[in-house]
Each structure stands twice: as C-alpha cells, then as structure tokens.
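With the UniProt record's numbering, you'll find the sequence shown wraps up at 306, consecutive numbering, no jumps. We treat Cβ as the ideally placed atom computed from N, Cα and C, and that holds for glycine. Please read these numbers as outputs of a predicted model, since none were measured by experiment. Everything below concerns the one structure shown next.
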Amino acid sequence: MSTILVIEQVINGLQFGVMLFLMAAGLTLIFGVMGLINLAHGSLYMIGAFAAAWVAGLTGSFLLALVAAMAAAALAGALVEMVVIRRLYAADHLDQVLATFALILIFSEGTRWVFGSFPLYLDIPEALSGTVTLPGGIAYPLYRLVLIGIGLTVGLALWALIERTRIGMQIRAGRDDREMIAALGVDISRLYTGIFALGALLAGLAGALVGAIQSVQVGMGEPVLILAFVVIVIGGIGSIKGAFIGALLVGLTDTLGGIFLPEIFKLFTDASTATQAGSALASMAIYILMSLVLIWRPTGLFGRAA
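Shown next, in the form of structure tokens:
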C-alpha cells in the first residue's frame with residue numbers, strides 16, 4: 001500500500017468527518033438543549049440537498065443553490081418546531097421518537113410527490129472542479145478540500161456563537177436551567193425555535209455540499225442520521241467540541257478501516273476472504289469505537305453527567 005494512497009484516504013476521512021460534523025452539530029444542539037430525540041433531522045438534510053439541486057438546475061448558480069438549501073431547511077425546521085415539536089418537550093421520549101419518525105415518512109413522501117422518485121444531480125461548480133497538487137505530488141480534488149475548509153469555518157463560527165455571544169449564553173443557560181432563564185424574561189419558545197432552525201440550517205448545508213458528490217435522492221438522510229447519532233454519543237451530548245472531535249474520529253475510522261482492515265486480514269487468509277471479512281469488520285468499526293468510548297467515559301468524550 002503506497003504512502004500516497006494512505007494520505008489521500010486520511011484527507012477523505014477528514015472531509016467525511018467535517019460533513020458529519022455539520023449534521024451532528026445541529027443534532028447535538030437540539031438534543032442537548034431541548035432534550036428532544038429528533039429522528040427527522042436526516043429529512044432536513046435531504047430537503048437541503050433537493051432544494052440545492054432544484055435551484056442549481058433553474059439558475060446554474062451553485063452559490064444560490066447553497067443559500068436555497070440553508071433557507072429551505074431552516075424554514076422547514078422552524079415550521080416543524082412550531083407546529084409539531086413544541087408539543088413534545090414535556091412528552092415521553094417514546095412519543096418524541098414516534099412523532100419524529102412520522103415526520104420522516106411525511107417528508108419522504110412529500111419530497112417524492114414534488115420531485116419524483118428519480119435521483120437529482122447537483123454539479124460541482126466549474127471553478128472548484130479541478131485538482132490541487134499537494135506536497136508530495138498528490139493530486140487531490142479541489143472541491144473536497146473546499147468542503148473541509150467550509151466545515152472548519154462553520155465549526156469555528158458555531159463555537160464563537162455559543163461561547164462568545166449573548167445568544168450563546170442563553171443557549172448554554174437553557175441547557176442547564178430552562179426554568180431559571182424563563183423566569184429572567186427570556187422567551188424560551190423563540191429561543192427553541194431559533195435553535196431548531198439553526199440545527200436544520202446546518203443539516204441543509206451539509207446535504208447541499210454532499211449532494212454535489214453523490215446523487216440527491218429520497219431517503220438519503222437516514223444513513224447519515226445514524227452516523228450523526230454515533231458522533232454525538234462519542235463526543236458527548238450537547239457539546240459542539242465533542243461533536244467536532246467525534247465526527248473526525250468517525251470519519252477517519254470509517255474511511256481508514258475500509259482500507260487497512262482487508263490488508264490486515266490478507267496476512268492470515270486468501271485475498272477474497274480477507275476482503276469480505278475486512279469489509280464486514282470495517283462497517284462495524286465505528287460502533288466498536290463508540291462502545292469503547294462509552295466503556296471509558298459513559299457521558300462521551302466531552303459530555304457531562306446529568
């Protein structure tokens with residue numbers, strides 16, 4: 001196995017990780033602050049991807065497509081919070097799971113009704129479609145490097161929002177003692193709607209960015225949602241830093257596991273069996289990682305005990 005291949009896969013893992021972070025950051029905010037299990041978060045990712053593909057097809061502008069994706073996902077998130085989610089805060093977690101699962105079905109069938117059952121495609125903008133030569137002569141797609149840069153920028157901006165602004169102070173206070181900040185005059189309903197819309201916006205942005213390197217189709221958000229839950233469990237519920245570290249760990253583990261584990265098995269068995277066994281173990285690697293983290297720290301890497 002060449003060094004260039006290893007470096008390329010490490011970068012692929014980082015790119016996958018920062019995209020997972022965009023998905024997981026909104027989910028951990030919603031889960032950590034509101035205490036809500038939102039299974040419909042993947043549907044907001046899908047809405048962003050479809051909105052981006054539709055607007056790009058109409059205008060030919062990738063920038064407008066990103067704006068449309070964030071706006072559509074944020075609007076859908078705000079409407080869902082006000083119409084459905086607001087009635088679930090005091091409900092049992094099972095009721096939250098059932099209600100948000102119903103939202104998955106509604107969004108999936110609604111998207112199929114509007115856009116049809118066939119996948120849509122979002123082209124990478126021409127300015128970002130080339131490759132960049134990295135140190136060591138590695139030719140790597142420019143768009144994937146841009147994705148890493150966008151993810152890091154969003155992560156820094158989100159950290160600044162949570163840790164350095166008045167709104168962030170209210171979000172952190174709402175996570176710790178929502179009754180107290182309500183007594184101090186903070187409009188909890190408006191705060192929760194804003195948090196939910198922000199989480200939806202991040203999911204929509206992730207869907208649009210990933211939609212340019214894979215097909216946009218109904219149900220595309222559910223597999224990513226599962227990985228996002230793994231990320232926030234590893235990182236710690238409610239922690240943006242934990243979501244970022246957890247996303248990088250999951251991205252690298254998933255990507256590098258698929259490369260190295262079959263090679264390791266080849267030392268003990270034939271190539272065909274090694275590929276099959278290595279691929280099977282690679283698909284379980286992130287869940288093994290999650291189990292090990294929970295054994296070591298049951299609250300996650302940066303989570304806090306209730």
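Own chain partners of residue i with C-beta closer than 6 Å, once the 5 adjacent residues on each side are dropped
i: A274; result: P262, F265 and K266
i: L289; result: T253
i: A197; result: A74, G77 and A78
i: residue 321; result: No statement about residue 321 is possible, as the shown extent of the chain runs from 1 to 306 and does not include it.
i: H93; result: I37
Nonlocal neighbours in the same chain, by C-beta distance under 8 Å from residue i, ignoring five residues either side
i: S215; result: P119, L120 and Y121
i: G136; result: T3, I4 and I7
i: G303; result: G235, G236, I237, G238, S239, G242 and R297
i: R178; result: I188
i: L103; result: L39, A40, S43, V80 and V84
i: residue 308; result: Since the first residue shown for the chain is 1 and the last is 306, residue 308 is missing from the structure and cannot be characterised.
i: G149; result: none
i: T269; result: A277
i: R164; result: none
Among the options, nearest to residue i - alpha-carbon criterion
i: I213; options: G219, Y143, T153 and L294; result: Y143
i: Y140; options: Y192, T299, Y287 and L5; result: L5
i: Y192; options: A203, R172 and G211; result: R172
i: G257; options: A247, S272, L281 and A271; result: L281
i: A65; options: I30, W159 and D123; result: D123
i: V114; options: A200, M169, I162 and Q217; result: Q217
i: M220; options: S117, P125, A68 and I295; result: S117
i: P223; options: S283, T59, G174 and G110; result: S283
i: R112; options: L292, L249, A51 and L94; result: A51
i: G300; options: G110, A247, T133 and S279; result: A247
i: E126; options: G60, V97 and R86; result: G60
i: A69; options: F260, L105, T165 and G199; result: G199
Nonlocal neighbours in the same chain, by C-beta distance under 7 Å from residue i, ignoring five residues either side
i: A243; result: F21, A24, A25, T28, V231, I232 and G235
i: T255; result: Q9, N12, G13 and F16
i: L128; result: L142, Y143 and V146
i: L158; result: A25 and I240
i: residue 313; result: Since the first residue of the chain shown is 1 and the last is 306, residue 313 is not available in this structure.
i: A99; result: V84 and L88
i: L134; result: Y140
Whole-Å CB distance - residue i paired with residue j, under 8 Å assumed
i: V18; j: L147; result: 7 Å
i: T253; j: I226; result: Actually they do not touch by this definition, with Cβ atoms about 15 Å apart.
i: F107; j: M46; result: 7 Å
i: A56; j: F62; result: 6 Å
i: L203; j: G48; result: Correcting the residue identity first, residue 203 is Ala in this sequence and not Leu. Sure, about 6 Å apart at Cβ, within 8 Å.
i: G168; j: L161; result: 5 Å
i: I181; j: I30; result: Not really, about 17 Å apart at Cβ, beyond 8 Å.
Short CB-CB distance (under 8 Å) between residue i and chain C
i: L142; result: Given the protein chain composition of this structure (a single chain), no chain C is represented.
task: Would you mind listing the alpha helix (DSSP H) stretches within the region 189-277 that are 4+ residues and don't spill past its ends, in chain order?
output: Listed in chain order, the alpha helix (DSSP H) elements of length 4 or more contained wholly in the region 189-277 are 221-235 and 240-265.
query: At a cut of 8 Å, does the region 191-209 reach the region 55-75 through at least three beta carbon pairs?
result: These segments touch.
- request: Could you pull out every unbroken beta strand (DSSP E) segment of at least 3 residues lying fully inside the region 81-167, listed in chain order?
  value: Within the region 81-167, the complete beta strand (DSSP E) runs of at least 3 residues fall at 131-134 and 138-141.
message: Contact between the region 79-97 and the region 34-49 is defined here as three or more beta-carbon pairs at a separation below 8 Å; is this criterion met?
response: Judged by pairs of C-beta atoms under 8 Å, the region 79-97 touches the region 34-49, as three or more such pairs exist.
task: Identify every run of the alpha helix (DSSP H) within the region 22-64, keeping only runs that are complete inside it and at least 4 residues long; order them along the chain.
output: Entirely contained in the region 22-64, the alpha helix (DSSP H) runs reaching 4 residues are, in chain order, 41-59.
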